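Residue 13 is where the sequence shown starts when you use the working numbering, and the numbers rise one by one after that.
The beta carbon of each residue, even a glycine, is placed where N, CA and C say it ideally should be.
From a predicted model like this one, the values you see are computed outputs, not experimental measurements.
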Amino acid sequence: PDPNRNTDKDRNTDKNQKTDRKQKTDKKQKPDSKRASNKKQAASRAPKEKGVESRKLAVEVLLKVDREGAYSNIALKKALDASKLSSRDRAFVTCLVQGVTRNRDYLDHLIASVSDRSADKLAPVLLNTLRLGIFQLEFLKDLPPRAVVSTCTSVARNCGHDGLARYTTAALNRHLKKKGEQSENSPEAKFLAGAKEPPPETAEALALRYSMPGWIVERWLSFYGLEETRALLEHSQSEPAIAVRVNETAMTPEGLLDLFQRQGVKARRSKLVEAVLIIESGTGKHGGLDRLPGYEEGLFSVQDEAAALAALALAPAPGQVVVDLCAAPGGKTLHLSELMEGTGRIFAVDRNETRLELLKENRRRLGLSNIEIVCGDGLTFSLPERAHADRAHADQAPADQTPADKAPADQVPADKAPADQELPDKKLADKKLADRVLVDAPCSGTGVLNRRPDLRYRRRPEDIESLTDLQLGLLCNASRLLKPGGVLVYVTCSVEPEENQKVLEKFLQEDQDFRLDDLSPFLPAVLAEKQADALKSGQVQLLPSTMGLSGFYIARLVRS
13 PDPNRNTDKD RNTDKNQKTD RKQKTDKKQK PDSKRASNKK QAASRAPKEK GVESRKLAVE
73 VLLKVDREGA YSNIALKKAL DASKLSSRDR AFVTCLVQGV TRNRDYLDHL IASVSDRSAD
133 KLAPVLLNTL RLGIFQLEFL KDLPPRAVVS TCTSVARNCG HDGLARYTTA ALNRHLKKKG
193 EQSENSPEAK FLAGAKEPPP ETAEALALRY SMPGWIVERW LSFYGLEETR ALLEHSQSEP
253 AIAVRVNETA MTPEGLLDLF QRQGVKARRS KLVEAVLIIE SGTGKHGGLD RLPGYEEGLF
313 SVQDEAAALA ALALAPAPGQ VVVDLCAAPG GKTLHLSELM EGTGRIFAVD RNETRLELLK
373 ENRRRLGLSN IEIVCGDGLT FSLPERAHAD RAHADQAPAD QTPADKAPAD QVPADKAPAD
433 QELPDKKLAD KKLADRVLVD APCSGTGVLN RRPDLRYRRR PEDIESLTDL QLGLLCNASR
493 LLKPGGVLVY VTCSVEPEEN QKVLEKFLQE DQDFRLDDLS PFLPAVLAEK QADALKSGQV
553 QLLPSTMGLS GFYIARLVRS
């Protein structure tokens, strides 16, 4: 027989040996195989489909807001800074987070109509994924519906599990079907087709349509009527304009506009404030406002058009002593410094040490040396003895004051301050009192709900009363700081009369030394044409119907 040919017995022996080797190999490789399997499953859950990663990040930000009570703008910035998304995807995430936040109540209403339970009964991951999907289907008309459903399904799977993914698919498809069936029968469609009655405009209907708490809508209707209320609601849902104010100590508006255009940033001059530019496009190319050409060189600051009017109303002169009682994060303080051409002294007071760090950074960036930062309470702040004395070395950094627990003797902590402070001796007026005081008071923020969309859900009716007490207290302390003939400007980003006209009325009743002063000479002529009577009276409430501005209140007073 052939010695190379195996017998049946040999073949069986070989087979058994191979089986034993395979089993031993399997045992050795089992842990590695398990790890490989886990990696494979994780890879299958990782965002691969185009658009999933950006939507997943948006859901994570929304979850942080819901679960931890984080402010959407802060949570969004942290998430974007930590991400590796492109500039275009970063802009898309911002659009999603802000859009969902602005329309949250309306989206939850739509979710309840296609779900077997109310929005508050859904798992947070599922709820925010559905909010994201329905927001895109309702408001981002350029996105293909199938792509929206597909990417949101993937987000639900990646953030949760397959069960949430299936639920998401079913709910979004039901919404699409229902939307198609109802579009022709909606009150708006019937009205446009010739029906006599317009859609209902009750407070309840407006609150739902614009995701605004009913108590706010009812207040606006009582103060402003239906037409202005609708304008306020539309403004609260709009994308805020991106505005920057030119640092005119370093660059002209024309020069910055030319620099932007050469770098592919499309911008235009503001029709209201000469030093303000409105950026229309091109920020995505550079990756954010703080990466625009000229930012690090201190050529501009980010500031809303209406907010830029505050420093103009105060109109400080070079060499004066100015107090900004609620300074952080510092946009108005920086503007005051620029108007004073870096001379004189500005005491920037605020209790929030973290927000004051932003002012410190911007002071450095813009090269402004006349701002002295004080971490203290605006209700009790007092000027140092020689406030009008020039610093020995103007080119040195200002000597900032420390927080209240380490404050110098003349800066008394809020919890140890007397209930009232007497006005200093008039002989010391030129040495210890300010020429100008700005009170940019903490407020409800109802004039800037488009910039801070989650603020509407945080406010309560009782907040108005507590805020007015604080606002009046700040005005009273400001009056103690001001020399005879000095100017006090009071501003808020609120549209609530209790925080504005009524606070001022009460202050003037308590302090007879102040009178309202005509604003017309200090604010842009184009505004004077539209608000002539209000400006002459010394106080003006700006609304979105006023050149599309944010809600903003300004009052100018002079001490006799």
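Counting along the chain, serine 162 sits inside the alpha helix (DSSP H) bounded by residues 157 to 171. Of the residues Leu122, Tyr502, Gly267, the one whose Cα lies closest to the Cα of lysine 189 is Leu122. Spanning the alpha carbons of arginine 468 and aspartate 270 requires a straight line of approximately 38 Å. Rounded to the nearest angstrom, the gap between the Cα atoms of phenylalanine 272 and alanine 262 is 15 Å.
In the three-state reduction of the DSSP assignment, proline 454 falls in the coil class.
Within its own chain, no residue has a Cβ closer than 8 Å to the Cβ of lysine 89 once the five positions on either side in sequence are excluded. Aspartate 545: member of the alpha helix (DSSP H) spanning 544 to 549, first to last residue. Distance check between valine 333 and each of His347, Ala325, Gly356, Lys344 places Gly356 closest, using alpha-carbon atoms only. Taking C-beta separations shorter than 7 Å and ignoring five residues to either side along the sequence, the partners of alanine 540 in its chain run Ser532, Leu547, following chain order. Secondary structure at phenylalanine 564: strand, using DSSP grouped into helix, strand and coil. A straight line joining the alpha-carbon of aspartate 523 with that of aspartate 529 spans about 15 Å. Under the DSSP assignment, glycine 356 falls outside any alpha helix (DSSP H); it carries neither an H nor an E label.
Taking a C-beta distance under 8 Å as the contact criterion, valine 449 and alanine 322 do not qualify as a contact pair.
In the structure shown, cysteine 505 falls within a coil segment according to DSSP collapsed to helix, strand and coil.
Comparing alpha carbon positions, the residue from Glu517, Gln513, Phe534, Val538 closest to glutamine 553 is Gln513. Annotation: the continuous alpha helix (DSSP H) that includes lysine 89 extends over 84 to 94. Taking all protein chains shown into account, lysine 542 has fewer than 16 neighbouring C-beta atoms within 10 Å of its C-beta and is therefore exposed. Leaving aside the five residues that flank glycine 331 on each side, the residues in its chain whose CB is nearer than 6 Å to its CB run, in chain order, Thr355, Gly356.
Going by DSSP, cysteine 107 is part of no beta strand (DSSP E) but of the alpha helix (DSSP H) stretching over 99 to 114. Put simply, of Glu353, Leu337, Ala219 the residue whose alpha carbon is nearest the alpha carbon of leucine 391 is Leu337. DSSP lists Asp362 as the bridge partner or partners of cysteine 387. Threonine 264 has its alpha-carbon roughly 36 Å from the corresponding atom of glutamine 483. Taking C-beta atoms as the reference points, leucine 326 and asparagine 259 fail to come closer than 8 Å.
The three-state reading of DSSP puts phenylalanine 312 in strand, counting E and B together.
Cβ-Cβ distances below 7 Å link proline 136 to Leu75, Asp78, Arg79 in the same chain, with the five nearest sequence neighbours on each side left out; the list follows chain order. Look at leucine 304 here: in three-state DSSP terms it is coil, with no helix or strand label. Approximately 7 Å separates the beta-carbon atoms of alanine 340 and leucine 370; this is inside 8 Å, confirming the contact. Looking at the DSSP output, valine 77 shares a beta bridge with no other residue. Here glutamine 553 is bridged, per DSSP, to Tyr565.
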